[in-house]
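Trainee: Each protein sequence line maps, in turn, to chains A and B.
Under our numbering, the first residue of the first sequence carries the number 459, and numbering increases by one thereafter.
Under our numbering, the first residue of the second sequence carries the number 459, and numbering increases by one thereafter.
Note that the Cβ used here is the ideal one computed from N, Cα and C, for glycine as well.
Since the model is a prediction, treat every value here as computed from it, not as a measurement.
There are 2 protein chains.
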Amino acid sequence: MASTNPSFMNGVPELLVLRLLRGRKMYGYEIVQAIREETGEVVSLGEGVVYPVLHALERSGAITSARRTVGGRSRIYYALSPKGVSRLTELTELWSRITGAVQQVLVGGGRAGLV
Amino acid sequence: MASTNPSFMNGVPELLVLRLLRGRKMYGYEIVQAIREETGEVVSLGEGVVYPVLHALERSGAITSARRTVGGRSRIYYALSPKGVSRLTELTELWSRITGAVQQVLVGGGRAGLV
DNA sequence: CATTATACCTTTCAGTTCGAGGTATCAGGG
DNA sequence: CCCTGATACCTCGAACTGAAAGGTATAATG
Numbered sequence: 459m460a461s462t463n464p465s466f467m468n469g470v471p472e473l474l475v476l477r478l479l480r481g482r483k484m485y486g487y488e489i490v491q492a493i494r495e496e497t498g499e500v501v502s503l504g505e506g507v508v509y510p511v512l513h514a515l516e517r518s519g520a521i522t523s524a525r526r527t528v529g530g531r532s533r534i535y536y537a538l539s540p541k542g543v544s545r546l547t548e549l550t551e552l553w554s555r556i557t558g559a560v561q562q563v564l565v566g567g568g569r570a571g572l573v
Numbered sequence: 459m460a461s462t463n464p465s466f467m468n469g470v471p472e473l474l475v476l477r478l479l480r481g482r483k484m485y486g487y488e489i490v491q492a493i494r495e496e497t498g499e500v501v502s503l504g505e506g507v508v509y510p511v512l513h514a515l516e517r518s519g520a521i522t523s524a525r526r527t528v529g530g531r532s533r534i535y536y537a538l539s540p541k542g543v544s545r546l547t548e549l550t551e552l553w554s555r556i557t558g559a560v561q562q563v564l565v566g567g568g569r570a571g572l573v
C-alpha cells in the first residue's frame with residue numbers, strides 16, 4: 459500500500475543531491491547552485507525542490523545534518539550516511555536502466571531480433 | 459500564461475511514441491507492446507498513457523491518423539507528419555541535453571575546473 | 001457459448017516538481 | 001545610517017504527468 463505510481467522517470471533530483479553529497483559535505487543553498495553550475499544551466503532545480511528533498515532524505519536516514527556557522531553565516535551541512543550510499547547506488551542503477559532502455563528505442567532502427 | 463512547470467524530466471512517452479512512428483505507421487495497441495518489448499520490459503507504458511499521447515499529438519498536427527480494417531480488426535494507424543519530425547528532433551535533443559547534464563553530475567568526480 | 005486477445009477509449013488518483021513567497025543575517029553603496 | 005542585494009533557510013499551493021482501473025466492442029478459440 460502507499461506505493462502507487464512512481465512514474466518511471468522520477469527521483470532525479472534525489473539522485474543528483476545524493477551524488478553531490480558523495481564527494482563532500484554540502485549545504486542546501488550550495489547544492490542548488492552546484493546543480494545549476496555542474497549541468498551548465500541545463501538542469502536548474504530551485505530551492506523549493508532541493509530543500510524538501512534534503513528533508514526527506516534526512517527523515518529516511520540517507521543523510522545526516524549538522525548546523526555550523528561559517529563567517530557569520532549559519533549553514534546546515536549534510537553528509538551521506540551508509541544508507542544514503544546504497545540509496546545512491548540503487549538510484550544510479552535505475553537511472554542507467556531507464557536511460558538505456560529509452561536509448562534502445564531512440565537508436566532502434568536496427569530492427570532488433572537480437573537475442 | 460499557461461506554461462507553468464514542465465518538470466525537466468517529462469515528455470518521454472511522447473518522445474518514444476514519435477520515435478517509433480518514425481520507422482513505420484503503427485496503431486496504438488501496437489505501440490504499447492512495442493515499447494514494452496523494445497525496452498525489454500524496463501519501460502512499460504499502459505494504454506492509459508499511450509492513447510492520450512496519440513490524441514494530443516494528432517491535435518497538435520504532429521501525426522495523422524487513418525482508420526483501416528485489417529483481418530476484421532479495425533485499427534487506427536498513425537503516421538508522422540513533417541511537424542512531427544521536427545518535434546521528434548526537438549525532443550531528442552532535449553533528451554540528450556538533459557541526460558548528458560545528469561551524467562555530468564553522476565560522473566562528476568573529476569572536480570571539473572575545466573573551461 | 002464463454003473466455004481470451006485484440007483494439008479502442010476515458011476518468012480518477014496520486015506523486016513530483018515548480019514557483020512564489022516568507023524570514024533573517026551580513027556586506028556594501030549612497 | 002538606510003537600503004539593497006546576496007546568502008541561507010523554509011513552506012505552501014498549483015499544475016502537470018503518468019499509472020491504474022474500468023468501460024466498450026469484435027474476432028478467435030476452446
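Where are the alpha helix (DSSP H) runs, 4 residues long or more, that stay fully inside the segment 484-571 of chain A, in chain order?
Mentor: Runs of the alpha helix (DSSP H) inside the segment 484-571 of chain A: 486-496, 505-517 and 540-565.
Trainee: Chain B partners of A:G498, CB-CB under 7 Å?
Mentor: For the purposes of this step, residue 498 of chain A is identified with residue 40 of the first sequence, where counting begins at 1. Here the neighbours are A559.
Trainee: Given a cut-off of 8 Å on the beta-carbon distance, is the pair B:L503 and B:W553 in contact?
Mentor: The residue you call residue 503 of chain B lines up with position 45 of the second sequence. The residue you call residue 553 of chain B lines up with position 95 of the second sequence. Taking 8 Å as the Cβ cut-off, B:L503 and B:W553 do not qualify as a contacting pair.
Trainee: Along chain A, which residues have their Cβ under 8 Å away from the Cβ of B:R555?
Mentor: Counting from 1 along the second sequence, the entry for residue 555 of chain B is found at position 97. Here the neighbours are V500.
Trainee: Would you say B:G566 lies against chain A (beta-carbon separation less than 8 Å)?
Mentor: Counting from 1 along the second sequence, the entry for residue 566 of chain B is found at position 108. Cβ-Cβ to chain A under 8 Å: yes for B:G566.
Trainee: Ordered along the chain, which non-local residues of its own chain (more than five positions away) have a Cβ less than 8 Å from that of A:Y535?
Mentor: The residue given as residue 535 of chain A occupies position 77 in the first sequence. Within the same chain, A:Y535 has close Cβ partners K483, M484, Y485, S523, A524, R525 and R526.
Trainee: Using beta carbons (cut-off 8 Å, strictly below), is A:R477 in contact with chain B?
Mentor: Translated into the one-based positions of the first sequence, residue 477 of chain A becomes position 19. Cβ-Cβ to chain B under 8 Å: yes for A:R477.
Trainee: Which term fits A:T557, buried or exposed, when burial requires 16 or more other beta carbons within 10 angstroms of its beta carbon?
Mentor: By one-based count along the first sequence, residue 557 of chain A stands at place 99. Classification for A:T557: buried.
Trainee: Is the CB of B:L538 under 8 Å away from at least one CB in chain A?
Mentor: Here residue 538 of chain B refers to the residue found at position 80 of the second sequence. So, not an interface residue.
Trainee: Tell me the DSSP secondary structure of B:V573 in three-state form.
Mentor: The sequence position of residue 573 of chain B within the second sequence is 115, counting from 1. Here the model assigns B:V573 a pLDDT of 43, short of 50, so the residue's position is not dependable and the matter cannot be decided.
Trainee: Once you ignore the five residues that flank B:R494 on each side, which residues in its own chain have a CB closer than 7 Å to its CB?
Mentor: Stepping through the second sequence from its first residue, residue 494 of chain B is reached at position 36. Answer for B:R494: S502, listed in chain order.
Trainee: Can you list, in chain order, the residues of its chain with a C-beta nearer than 7 Å to that of A:V573? Leave out the 5 residues immediately preceding and following it.
Mentor: Taking the first residue of the first sequence as 1, we reach residue 573 of chain A at position 115. At A:V573 the pLDDT is 45, less than 50, meaning the model places this residue with poor confidence and gives no usable figure here.
Trainee: What does the alpha-carbon distance come out to for the pair B:P510 and A:V507?
Mentor: Locating residue 510 of chain B in the second sequence gives position 52, counting from the first residue. Locating residue 507 of chain A in the first sequence gives position 49, counting from the first residue. Whole-angstrom Cα-Cα distance: 28 Å.
Trainee: Hey, could you find the ends of the alpha helix (DSSP H) A:G481 is sitting in?
Mentor: Within the first sequence, numbered from 1, the residue matching residue 481 of chain A stands at position 23. Element bounds for A:G481: V470 to G481.
Trainee: Using 8 Å as the threshold, is the C-beta distance between A:L479 and A:L549 below it?
Mentor: Taking the first residue of the first sequence as position 1, residue 479 of chain A is located at position 21. Taking the first residue of the first sequence as position 1, residue 549 of chain A is located at position 91. No, they are not a contact pair.
Trainee: Mind pulling the chain A residues with CB within less than 9 Å of B:M484?
Mentor: Walking along the second sequence from the start, residue 484 of chain B turns up at place 26. Chain A residues near B:M484: none, gap ~13 Å exceeds 9 Å.
Trainee: Return the residues of the segment 539-553 of chain A that lie within a Cβ-Cβ distance of less than 9 Å from chain B, sorted by chain order.
Mentor: Taking 9 Å as the Cβ-Cβ cut-off against chain B, the residues of the segment 539-553 of chain A that qualify are T550 and W553.
Trainee: Under 9 Å Cβ-Cβ, which residues of chain A neighbour B:V490?
Mentor: Translated into the one-based positions of the second sequence, residue 490 of chain B becomes position 32. Simply none; closest approach about 13 Å.
Trainee: Cβ of A:V528 within 8 Å of Cβ of B:A559?
Mentor: In the first sequence, counting from the first residue as 1, residue 528 of chain A sits at position 70. In the second sequence, counting from the first residue as 1, residue 559 of chain B sits at position 101. Their beta carbons are not under 8 Å apart, which means A:V528 does not touch B:A559 by this criterion.
Trainee: Step through the CB atoms of chain A and report whether any lies within less than 8 Å of the CB of B:V511.
Mentor: For the purposes of this step, residue 511 of chain B is identified with residue 53 of the second sequence, where counting begins at 1. Not one chain A Cβ lies under 8 Å of B:V511.
Trainee: How would you call A:P471, buried or exposed, if buried means at least 16 neighbouring beta carbons within 10 angstroms?
Mentor: Position 13 of the first sequence, counting from 1, holds the residue named residue 471 of chain A. The residue in question, A:P471, is buried, as its Cβ has 16 or more Cβ neighbours within 10 Å.
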